[in-house]
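Participant:
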Amino acid sequence: MNTMKMKAVIATAYGGPDVLEIQEVDRPQPAENEVLVQVFATVATTADTMMRTGKPYFGRLFLGLLRPKQAIMGTGFAGVVEQVGDRVTGFKPGDRVFGETTTSFGANAEYVAVAEDGVILKMPDGLPFSEAAAFCDGHLTSFNFLKRIADIQPGQKVLINGAAGSLGTAAVQLAKYYGGHVTGVCSGRNTGLVKSLGADKVIDYTKVDFTQINEQYDVIYDSVGKSSFMKSKQVLAKNGLYLSPVLSLSLLLWMLLNPVLGGRKAKFEATGLLSDSELRKLLIGVAELYRIGRLRTVIDRQYPLEKTPEAHGYISGGHKKGNVVIMVRP
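Encoded structure:
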């Protein structure tokens, strides 16, 4: 029997955007507990560029020492169910679905197979594929940090560093929804965007270093990992939290010292390494916020699948606003 083929974005090695190639590969066949999704939209993210470069280097212990173990890039997807395995009961062909593949990657392709009990949900009515594909990057990660880990309470002062990125634009909206007094840190050209998302105050990092101002914050969410717990301590309230999804050796050290020092704490978590059941709960939470009109997706640029290397080049430039979407089908 001839195996059906599909186009996919393959990381041939660690390196720049030029290591990415569009190749014809075997289309996945769904196992008895899996759903085969025809991908309409997927995303290119900052985390994807870290996977592509293999940096920081200790990440290669998990990704592959010499080249990525999972060759097909991408985790977030949105599309239509093409086929279901014999034991699947919750989905049927034609369902509009979205979710993420976590450590299996493989979403930057025309088709992806996902376990029925994996991170996959039916899409809310009215949600475009382009927006749905991005939910599991910025929305899901920031929801995990601000709701599950920090449990933001009304009246708390929250600072979002990198407020114009995919995680930051979600975080501003989430922190505001949960009653926080929100300060966003971004470049001056993105001030209007961040204010439109609900920020009470915006700091232009090209003019002011937020770690040097005369303020105290209950939560500092460094969504881009460009600051540090050490620098942020002086603007962190007595029992404040410094949170970042970007792991560094210094952050790891401070986390180990948390029980000894007391008071201010530093926290990191790899959201994508949570269990599928936990991630699905989080995704249900952000989908509900979309349904009630309290969470929107900011899209900076859209690229066709064939131009995914170009999308990576744009992200590496460091000036991305919101999300970069890969449209697999128009």
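Our numbering puts the first residue of the sequence shown at 18, with every later residue one more than the last. Backbone N, C-alpha and C define an ideal beta-carbon position, used for all residues, glycine too.
(1) Going by DSSP, what residue range makes up the alpha helix (DSSP H) through V189?
(2) If you count every other CB in all the chains shown that lies within 10 Å of the CB of S249, and 16 or more means buried, which is it?
(3) Going by alpha carbons, who is nearest to R308 out of P145, G339 and E133?
(4) Mapping the DSSP letters down to three states, classify L214 as helix, strand or coil.
(5) Between which two residues does the alpha helix (DSSP H) harbouring P326 extend?
(6) Rounded to the nearest angstrom, what separates V136 and N231 at their Cα positions?
(7) Take Q170 and list the residues in its own chain whose beta-carbon comes closer than 7 Å to its own, dropping the five residues that flank it on each side.
(8) By how many angstroms is the C-alpha of A132 removed from the C-alpha of T118?
(9) Can you tell me whether F285 is helix, strand or coil according to DSSP?
(10) Rounded to whole angstroms, what is the Cα-Cα separation between A28 and N275?
(11) What are the uninterrupted segments assigned as alpha helix (DSSP H) that are 4 or more residues long and contained completely in the region 237-271, given in chain order?
(12) Which runs of the beta strand (DSSP E) spanning at least 3 residues fall entirely within the region 118-184, listed in chain order?
(13) Just reading off the beta strand (DSSP E) that T314 is part of, what are its end residues?
(14) Between which two residues does the alpha helix (DSSP H) holding K298 run?
(15) What separation, rounded to the nearest whole angstrom, lies between the Cα atoms of I316 and V277?
(16) Roughly how many angstroms separate the alpha carbons of L258 and A188, rounded to a whole number?
(17) Taking 7 Å as the limit between beta carbons, can you name the residues of its chain near V303, skipping five residues before and five after?
(18) Which residue from K218, N256, K255 and M272 puts its Cα closest to that of P262?
(19) So, is Q190 buried or exposed, given that buried needs 16 or more other C-beta atoms within 10 angstroms?
(20) Am I right that F115 and A130 are in contact with their C-beta atoms under 8 Å? What's the rounded C-beta distance?
(21) Kindly provide the ranges of any alpha helix (DSSP H) runs that are 4 or more residues long and lie completely inside the region 57-120, ordered along the chain.
Facilitator: Looking at the coordinates:
(1) Here residue 189 refers to the residue found at position 172 of the sequence shown. Start and end: S183 to Y194.
(2) Taking the sequence shown and counting its residues from 1, one reaches residue 249 at position 232. Buried, since its Cβ has 16 or more Cβ neighbours within 10 Å.
(3) Here residue 308 is taken as the residue at index 291 of the sequence shown, counted from 1. Among P145, G339 and E133, the Cα nearest to that of R308 is on P145.
(4) The residue labelled residue 214 in the question sits at position 197 within the sequence shown. In this structure, L214 counts as coil in the three-state DSSP scheme.
(5) Along the sequence shown, read from residue 1 onward, the residue named residue 326 stands at position 309. Segment T325 to S333, the alpha helix (DSSP H) holding P326.
(6) Against the sequence shown, residue 136 aligns to sequence position 119. Against the sequence shown, residue 231 aligns to sequence position 214. Using only the alpha carbons, I get a separation of about 42 Å.
(7) Position 153 of the sequence shown holds residue 170. Short of 7 Å from the beta carbon of Q170, and not among the five residues preceding or following it, lie these beta carbons of its own chain, in chain order: G196.
(8) Here residue 118 corresponds to residue number 101 of the sequence shown, with the count starting at 1. Here residue 132 corresponds to residue number 115 of the sequence shown, with the count starting at 1. Those two C-alpha atoms are separated by around 9 Å.
(9) For the purposes of this step, residue 285 is taken as the residue at position 268 of the sequence shown. F285 sits in a strand when the DSSP states are folded into three classes.
(10) By one-based count along the sequence shown, residue 28 stands at place 11. By one-based count along the sequence shown, residue 275 stands at place 258. Straight-line Cα distance between these residues: approximately 38 Å.
(11) As far as the region 237-271 is concerned, its whole alpha helix (DSSP H) runs of at least 4 residues are 246-249.
(12) List check, beta strand (DSSP E) in window: 128-132, 137-139 and 174-178.
(13) Looking up residue 314 in the sequence shown gives position 297. Following the DSSP letters along the chain, one finds T314 in no beta strand (DSSP E), marked with neither H nor E.
(14) The residue given as residue 298 occupies position 281 in the sequence shown. For K298, the enclosing alpha helix (DSSP H) begins and ends at D293 to R308.
(15) The residue given as residue 316 occupies position 299 in the sequence shown. The residue given as residue 277 occupies position 260 in the sequence shown. Answer to the nearest angstrom: the Cα atoms are 42 Å apart.
(16) Start at 1 with the first residue of the sequence shown, and residue 258 comes out as number 241. Start at 1 with the first residue of the sequence shown, and residue 188 comes out as number 171. Straight-line Cα distance between these residues: approximately 15 Å.
(17) Counted from its first residue, the sequence shown places residue 303 at position 286. Setting aside the 5 residues that flank it on each side, V303 is surrounded in the same chain by F152, H156, L157, F160 and L312, each with a C-beta closer than 7 Å to its C-beta; the list follows chain order.
(18) Taking the first residue of the sequence shown as position 1, residue 262 is located at position 245. M272 is the residue among K218, N256, K255 and M272 whose C-alpha sits nearest the C-alpha of P262.
(19) Taking the first residue of the sequence shown as position 1, residue 190 is located at position 173. Under the 10 Å beta carbon count, Q190 is surrounded by 16 or more other beta carbons and is classified as buried.
(20) As a working note, residue 115 is residue 98 in the sequence shown. As a working note, residue 130 is residue 113 in the sequence shown. With 8 Å as the limit, F115 and A130 do not qualify as a contact, their Cβ atoms being about 15 Å apart.
(21) If we require 4 residues or more, the alpha helix (DSSP H) runs fully inside the region 57-120 come out as 63-70 and 77-80.
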